[in-house]
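**Student:** Numbering (our numbering), first residue to last: 612 to 769. Quick one: the structure is below, questions incoming.
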């Protein structure tokens, strides 16, 4: 069952889809009033659901009622996806961030939901902990398996 965060996210995405210039401007207080919530709930949605990994850029201006501008970032081509994936080095490979990237890949129909579920299984920590891996070794193996599997999914010409 959807919660308030889901409703706010869907509302903002609908506004973005209707926008001719691929961005929207909202006022935090007005949006909070529309959904009968506190402005910090709006901040939570923006911080968690409108990240760069999910294809959004959020600009926030202080004063004047808290104006916020949300941009939809252009969809990269497959070559750009490959470049992005190859640049996931060991230090930047965090399962939560990679999970957001997977959501974006599904949203933009680069991979299916089923493929995303399989890749999420690869980046989950539980398997590596049960196998006795920890810390950097675990992250390195997660990264290698993830990149290898995703590289196969992004191949064209099957």
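Think of the CB as a built atom: it goes at the ideal place given N, C-alpha and C, for glycine as much as any other residue.
In its own chain, which residues sit with a C-beta less than 6 Å from the C-beta of residue 728, not counting the 5 before and 5 after it?
**Tutor:** Result list for residue 728: empty, nothing under 6 Å.
**Student:** Verify whether the separation of the beta carbon atoms of residue 626 and residue 635 is less than 8 Å.
**Tutor:** Yes; because the gap between Cβ atoms is below 8 Å, this pair is in contact.
**Student:** Put residue 638 into one of helix, strand or coil per three-state DSSP.
**Tutor:** Three-state result, residue 638: strand.
**Student:** Spatial neighbours of residue 709 within its chain, please: CB distance less than 6 Å, with the 5 preceding and 5 following residues excluded, ordered by chain position.
**Tutor:** 734, listed in sequence order.
**Student:** How many angstroms separate the CA atom of residue 624 from the CA atom of residue 742?
**Tutor:** Residue 624 and residue 742: Cα-Cα distance of roughly 41 Å.
**Student:** Can you say whether residue 656 is buried or exposed, counting buried as having 16 or more other CB atoms within 10 angstroms of its CB?
**Tutor:** Residue 656 is buried by the Cβ-count criterion.
**Student:** When the Cα atoms are used, what is the spatial distance from residue 768 to residue 759?
**Tutor:** Per-residue confidence for residue 768 stands at a pLDDT of 45, beneath the threshold of 50, marking its modelled position as unreliable; the derived number appears in the next sentence. So the two alpha carbons sit approximately 17 Å from each other.
**Student:** Expressed to the nearest angstrom, what Euclidean distance is found between the alpha-carbon atoms of residue 739 and residue 752?
**Tutor:** Rounded to whole angstroms, residue 739 to residue 752 spans 9 Å at the Cα level.
**Student:** I think residue 667 touches residue 681, with their Cβ atoms under 8 Å apart; what is that distance to the nearest whole Å?
**Tutor:** Sure, about 6 Å apart at Cβ, within 8 Å.
**Student:** With H, G and I counted as helix, E and B as strand and the rest as coil, what does DSSP make of residue 762?
**Tutor:** DSSP places residue 762 in helix when its eight states are reduced to three.
**Student:** Smallest Cα separation from residue 718: which of 613, 683 and 737?
**Tutor:** Of 613, 683 and 737, the residue nearest in Cα terms is 683.
**Student:** Quick check on DSSP: helix, strand or coil for residue 660?
**Tutor:** DSSP places residue 660 in helix when its eight states are reduced to three.
**Student:** Just to confirm before moving on: does the CB-CB distance between residue 665 and residue 633 stay below 8 Å?
**Tutor:** No, the Cβ-Cβ distance between residue 665 and residue 633 is not below 8 Å.
**Student:** According to DSSP, is residue 651 part of a helix, a strand, or is it coil?
**Tutor:** Of the three classes helix, strand and coil, the one that applies to residue 651 here is helix, per DSSP.
**Student:** Smallest Cα separation from residue 662: which of 640, 645 and 707?
**Tutor:** Ranking the options by Cα distance to residue 662, first place goes to 707.
**Student:** Around the Cβ of residue 639, are there at least 16 other Cβ atoms within 10 angstroms (buried) or fewer (exposed)?
**Tutor:** Classification for residue 639: buried.
**Student:** For a test of the three-state rule: what should DSSP assign to residue 688, helix, strand or coil?
**Tutor:** Any reading at residue 688 is ruled out, since the residue's pLDDT is 49, under 50, leaving its predicted position unreliable.
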